[in-house]
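S.K.:
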Amino acid sequence: MQETITIALDMMSGDHDISSSVPAAWSILKKHNDLSLILVGDENKIEKLLDPEMKKLEGTKYSILHTDEAIKMDDEILVALRTKKKSSMRLGIELVRDKKADACVSAGNTGALMALSKIILKMIDGIDRPAICGALPTKSGSMHMLDLGANVECNSDHLLQFAIMGAALVQSLEISDNPRIGLLNVGSEEFKGNDTIKAASQKINESPLNYIGFVEGDEMFTGNCDLVVTDGFAGNIALKSIEGVANIISHFIKDEFKKSLLTQITALISYPVMRAVKKKMDPRRYNGASLLGLKGIVVKSHGGADSYAFERAINTAYYEVKNNILEQIKTSISKQSNSNAEIF
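Each residue of the sequence shown is one higher than the one before, starting from -9 at the first, in the numbering used here.
(1) Three or more C-beta pairs closer than 8 Å, one from the segment 303 to 316 and one from the segment -3 to 15: is that the case here?
(2) Of the residues I227, G101, H56, which one's Cα is nearest the Cα of L68?
(3) Between which two residues does the alpha helix (DSSP H) harbouring D185 extend?
(4) Assess contact between the segment 146 to 159 and the segment 301 to 308, defined as three or more Cβ pairs (one per stretch) separated by less than 8 Å. Is contact present?
(5) Within its chain, find whatever has a CB closer than 8 Å to the CB of L126; leave out the 5 residues flanking it on each side and keep chain order.
(6) Just the C-alpha distance for I110 and L251, rounded to the nearest angstrom, thanks.
(7) Report the residue from K182, E43, D92 whose alpha carbon sits nearest the alpha carbon of T306.
(8) How many whole angstroms separate the CB atoms of A236 and M264, which I take to be in contact at a CB cut-off of 8 Å?
(9) Going by the beta-carbon positions, is the gap between S77 and E66 smaller than 8 Å?
(10) Checking the sheet assignment: what are the DSSP bridge partners for K45?
(11) For the segment 217 to 227 and the segment 135 to 146, state whether three or more C-beta atom pairs, one from each stretch, are separated by less than 8 Å.
(12) What would DSSP say about N200, mapped onto helix, strand or coil?
(13) Just to confirm, is the Cβ distance from L281 to I122 under 8 Å?
(14) Identify whether G234 lies in helix, strand or coil by the three-state DSSP scheme.
(15) Skipping 5 residues on each side, what residues in its chain have a beta carbon closer than 8 Å to that of G183?
(16) Which word fits A266, buried or exposed, when buried means at least 16 other C-beta atoms lie within 10 angstroms of its C-beta?
(17) Helix, strand or coil: which one does DSSP assign to S10?
(18) For V86 and L55, what's the separation of their Cα atoms in angstroms?
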């Protein structure tokens, strides 16, 4: 196992620019002795926000790769790829390609990040498309779901590949040695779903994976499944719906507690419970979606991430490197190819 893990941080992308990424960098460095960071962005702006204690570690725990060019959230993808050759996002990914960094974390434009990663890093042999995989809360902890938006249309082979990659990720993060995998569908019965879903179900069932069958949207959070597989269209809608429901529940609770003196007293009494529930449902805890299928580790942070959320994304990248997720995916794909070569 390698002694030092080096992660490149795209400091210029996202809604908050470096105001979130700089404090996140300092916080994560204090938690991992074997971590080193390359801060890719405007050196003058970064230096102004650095903690004095962190500055003492320059050259040993972190370095700065200067660029003042960034891909914005509203940039057209093709224009960004062609004209912004020195963007912080591109330079961060190139560091991974050139083996100067073990992973890259960015809060930038998802489409641009996916396109650049695929062009620069290339795909793992046996994988047709990259997929976005993220964690979501459940009754018993958390589960992972993919694809969360990279591929609007998928065939059954793609869904099988997603299942293999997602299972390898869950195993590498030591969540489960034999992750339970469900395929998102409109019903749990075998006859339900379109032809693609039915074919994917058969292929996953015939693989060495621990496949538990179809799962419906309301079953994802029971804790009975470690990984939910779907196409990017349904996955992204599910993710955004979950975020929306969480926000509206929070809004409803706050409104009810403000209605009268009695409800305000109730709010004070129930504060410890509500705080615990809020912590479990806090989307920042689950920030950091993995771009799986690439010949390098890239983690996408939410564009609006604050420092805590961005730190969680860095932490995700750290453990993917530490637990050698790339080799686990390659090994899993190789095993599947050998057992059922015609799939690929």
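Glycine included, C-beta positions come from ideal geometry on N, C-alpha and C. Predicted, not measured: the structure shown is a model, and the values here were computed from it.
M.R.: In brief:
(1) At 8 Å Cβ cutoff, the stretches touch.
(2) Against the sequence shown, residue 68 aligns to sequence position 78. Per the C-alpha coordinates, the member of I227, G101, H56 positioned closest to L68 is G101.
(3) Locating residue 185 in the sequence shown gives position 195, where the first residue counts as 1. D185 -> alpha helix (DSSP H) spans 185 to 196.
(4) Cβ pair count under 8 Å is below three, so no.
(5) Translated into the one-based positions of the sequence shown, residue 126 becomes position 136. If the five residues before and after L126 are omitted, its C-beta is found closer than 8 Å to the C-beta atoms of S132, M133, H134, M135, M210, F211, L229, I232, Y276, all from its own chain and listed in chain order.
(6) As a working note, residue 110 is residue 120 in the sequence shown. As a working note, residue 251 is residue 261 in the sequence shown. When only Cα atoms are considered, I110 and L251 end up about 59 Å apart.
(7) In the sequence shown, residue 306 corresponds to position 316, counting from 1. Nearest C-alpha to T306: D92.
(8) For the purposes of this step, residue 236 is taken as the residue at position 246 of the sequence shown. For the purposes of this step, residue 264 is taken as the residue at position 274 of the sequence shown. The Cβ separation is near 14 Å, so there is no contact.
(9) Reading the sequence shown from its first residue, position 87 is the one you call residue 77. Reading the sequence shown from its first residue, position 76 is the one you call residue 66. The Cβ atoms of S77 and E66 do not sit closer than 8 Å to each other.
(10) Counting from 1 along the sequence shown, the entry for residue 45 is found at position 55. Beta-bridge partners of K45 (DSSP): none assigned.
(11) Touching, yes, given that three or more Cβ pairs across the two stretches are closer than 8 Å.
(12) Position 210 of the sequence shown holds residue 200. Residue state for N200 is assigned as strand, using DSSP reduced to three classes.
(13) If you number the sequence shown from 1, residue 281 lands on position 291. If you number the sequence shown from 1, residue 122 lands on position 132. At the C-beta level, L281 and I122 come within 8 Å of one another.
(14) On the sequence shown, residue 234 is found 244 positions in, with the first residue counted as 1. The DSSP-derived three-state label of G234 is helix.
(15) In the sequence shown, counting from the first residue as 1, residue 183 sits at position 193. Closer than 8 Å at Cβ, skipping near neighbours: N175, V176, G177, S191, F204.
(16) Locating residue 266 in the sequence shown gives position 276, where the first residue counts as 1. In the assembly as shown, A266 is an exposed residue. Its beta-carbon has fewer than 16 other beta-carbons within 10 Å.
(17) For the purposes of this step, residue 10 is identified with residue 20 of the sequence shown, where counting begins at 1. If DSSP states are grouped into helix, strand and coil, S10 belongs with the helices.
(18) Residue mapping note: residue 86 aligns to position 96 of the sequence shown, counting from 1. Residue mapping note: residue 55 aligns to position 65 of the sequence shown, counting from 1. One alpha carbon belongs to V86, the other to L55, and they sit about 13 Å apart.
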